[in-house]
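Scroll down for the structure; my scribbles are underneath it.
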Ligand code: AMP
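In the working numbering, the protein residues as written are 4 to 407.
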């Protein structure tokens, strides 16, 4: 029998489970879906059998991740794509925090689970859900390779000068405080695809990747290796995001505690969930913000300007870090869709060789594309990210390597 070629990708959030089943012979999707509001009365499973274009929904309580994965397995079985299929090669799991320990996709065993568990203090929101997904999948198919693909892994190549905060290293090391970075799967995929778009080997090109979704991060990628990224110990650092503040003077926190009388948890919620674009103007969706800006709304305009100012600072900073830049790539929900953001972020940077062609920028398209003028010294690109495909590719490559 020929070797199995399908990979199931699981992305377990605190109350959700996203999944995609891919066939790695041609990277095609066979099924995609999402379970939302796990643990509530109003849980919902939405499943699409891509080949048939058939979409089904289940509404009603799904108690936990185990029940969610069993429900997903049931839907896959109905399409003849069940977890027991001999064509399933592996399950690839997105794991948010791999610390310093996990620099590559890793075959999951008991030791790996213990290490991911040890990282919970630095990723209290994400790693517990990821672990539940891993454990549940293992219990359903103990014989199947399960691979953990870490959001932090791509950034472990950062030099110490970029990864360390300027604090006492003994204290930092005791508490594992350093800049880890996130969205690594996306930065890896997009930097590679950008090189492909330029017709070059990733090892030859320097790229600034701007992953602008509801969460947002920038990275400086030198010859395929990450040398700096904007998120830090947690995803709070860096760019202005949908609901996160990004960079601020850490003394703001002391001030809110001492003078504002807020608790640590209240400040955590404020900065992670009620700041950024949402905190500034009450909306975190860039479409709505642009609509309000165009209608003359001052608060939305200020929010947009602060967002762009920060973005521009990071482009400049990473230009300096890299020394030579071949391309700036925009990706994720905002980066792929919001032409005004791309235009404003690059405006005034002609001196750095950066420019956007208004006509090309306005064209909506699905695939990777250049939006800079033909003779631009630094190319500006829109490169749709595909984290699921990257997780599946890394998972399959590891399983293939181990089977030979
Ligand atoms: P992501 O986290 O990558 O799924 O991105 C989600 C965000 O992308 C949303 O919160 C919106 O702000 C933004 N977005 C999605 N579609 C558009 C669009 N057509 N124009 C502008 N922003 C968009």
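Backbone N, C-alpha and C fix where the C-beta goes; we use that ideal spot for every residue, glycine too.
These numbers were taken from a predicted model, which means no experiment stands behind them.
### Message
Just checking residue 288 against ligand 1 - is the residue's beta carbon closer than 8 Å to any of the ligand's heavy atoms?
### Response
yes
### Task
Go ahead and pull the three-state DSSP assignment for residue 19.
Correct three-state label for residue 19: coil.
### Query
Counting pairs of beta carbons, one from the stretch 139-155 and one from the stretch 393-404, are three or more of them closer than 8 Å?
Touching, per the Cβ criterion.
### Message
Using the Cβ count rule (16 or more neighbours within 10 Å means buried), how would you classify residue 262?
### Response
Looking at its Cβ environment, which holds fewer than 16 other Cβ atoms inside 10 Å, residue 262 is exposed.
### Message
Is residue 293 near ligand 1 - that is, is its Cβ less than 8 Å away from at least one heavy atom of it?
### Response
yes
### Query
Three-state secondary structure (DSSP) at residue 279?
helix
### Message
Runs of 3 residues minimum, wholly inside the stretch 44-93: which ones carry the beta strand (DSSP E) assignment?
### Response
47-52 and 57-62
### Message
Below 8 Å, how does it come out for the stretch 249-257 and the stretch 173-189: are there three or more Cβ pairs, yes or no?
### Response
no
### Runs of alpha helix (DSSP H) wholly within the stretch 283-311 (minimum 4 residues, chain order)
289-297
### Task
To the nearest angstrom, report how far apart residue 355 and residue 323 are at their CA atoms.
Approximately 10 Å between the Cα atoms of the pair.
### Query
Using DSSP with H/G/I as helix, E/B as strand and the rest coil, what is residue 211?
DSSP, reduced to helix, strand and coil, places residue 211 within a strand of the structure shown.
### Query
Comparing alpha-carbon positions, which option in 146, 239 and 71 lies nearest residue 18?
The shortest Cα separation from residue 18 among 146, 239 and 71 belongs to 71.
### Task
Indicate whether the contact test is met: 3 or more Cβ pairs, each with one atom in the stretch 193-209 and one in the stretch 368-382, closer than 8 Å.
yes
### Query
Expressed to the nearest angstrom, what Euclidean distance is found between the alpha-carbon atoms of residue 133 and residue 15?
Computed Cα separation, rounded: 5 Å.
### Query
Alpha carbon to alpha carbon, what distance is there between residue 348 and residue 314?
Each residue's alpha carbon lies about 6 Å from the other.
### Message
Quick check on residue 104: does DSSP put it in helix, strand or coil?
### Response
coil
### Query
Can you give the Cα-Cα distance for residue 60 and residue 220, rounded to whole angstroms?
33 Å
### Query
Which residues in the same chain as residue 135 place their Cβ atom closer than 7 Å to its Cβ, once the five residues preceding and following it in sequence are excluded?
Excluding positions up to five away in sequence, the list reads 15 and 68.
### Task
Going by CA-CA distance only, name the one from 237, 215, 195 and 407 that's closest to residue 206.
195
### Message
Just to confirm the assignment, what range does the alpha helix (DSSP H) spanning residue 176 have?
### Response
172-177
### Message
Please report the straight-line C-alpha distance between residue 141 and residue 77, rounded to a whole angstrom.
### Response
16 Å
### Task
Decide if residue 404 is buried, meaning its Cβ has at least 16 other Cβ atoms within 10 Å, or exposed.
exposed
### Best match in 57, 36 and 92 for proximity to residue 5 [C-alpha to C-alpha]
92
### Task
Answer yes or no: does any C-beta atom of chain B fall closer than 9 Å to that of residue 212?
Given the protein chain composition of this structure (a single chain), no chain B is represented.
### Residue closest to residue 44, alpha-carbon to alpha-carbon, out of 63, 57, 29 and 52
63
### Query
Excluding five sequence neighbours on each side, which residues of the same chain lie with their C-beta closer than 8 Å to the C-beta of residue 130?
Cβ within range, chain order: 98, 99, 100, 119, 120, 122 and 123.
### Task
Kindly indicate which residue of 245, 321 and 111 has the alpha-carbon position closest to the one of residue 225.
Residue 321 is the option with its Cα nearest to residue 225.
### Query
What residue range is occupied by the uninterrupted beta strand (DSSP E) comprising residue 32?
31-39
### Message
residue 139 and residue 213 - do their beta-carbons sit closer together than 9 Å?
### Response
In this structure, residue 213 sits away from residue 139, with a CB-CB distance that is not shorter than 9 Å.
### Task
For the alpha helix (DSSP H) holding residue 203, just list the boundary residues, first then last.
Neither: residue 203 is in no alpha helix (DSSP H) and is coded neither H nor E.
### Query
Tell me which same chain residues have a C-beta within less than 6 Å of the C-beta of residue 341, skipping the five on either side of it?
289
### Query
Helix or strand or just coil, what does DSSP make of residue 247?
coil
### Task
Look at the Cβ atom of residue 87, then the Cβ atom of residue 144, and state whether they are nearer than 9 Å.
yes
### Query
Any chance the CB of residue 335 is under 8 Å from a heavy atom of ligand 1?
yes
### Task
Compare the beta carbon distance of residue 209 and residue 191 with 9 Å and say whether it is the shorter of the two.
no
### Query
With a Cβ-Cβ cutoff of 9 Å, do residue 50 and residue 79 count as a contact?
yes
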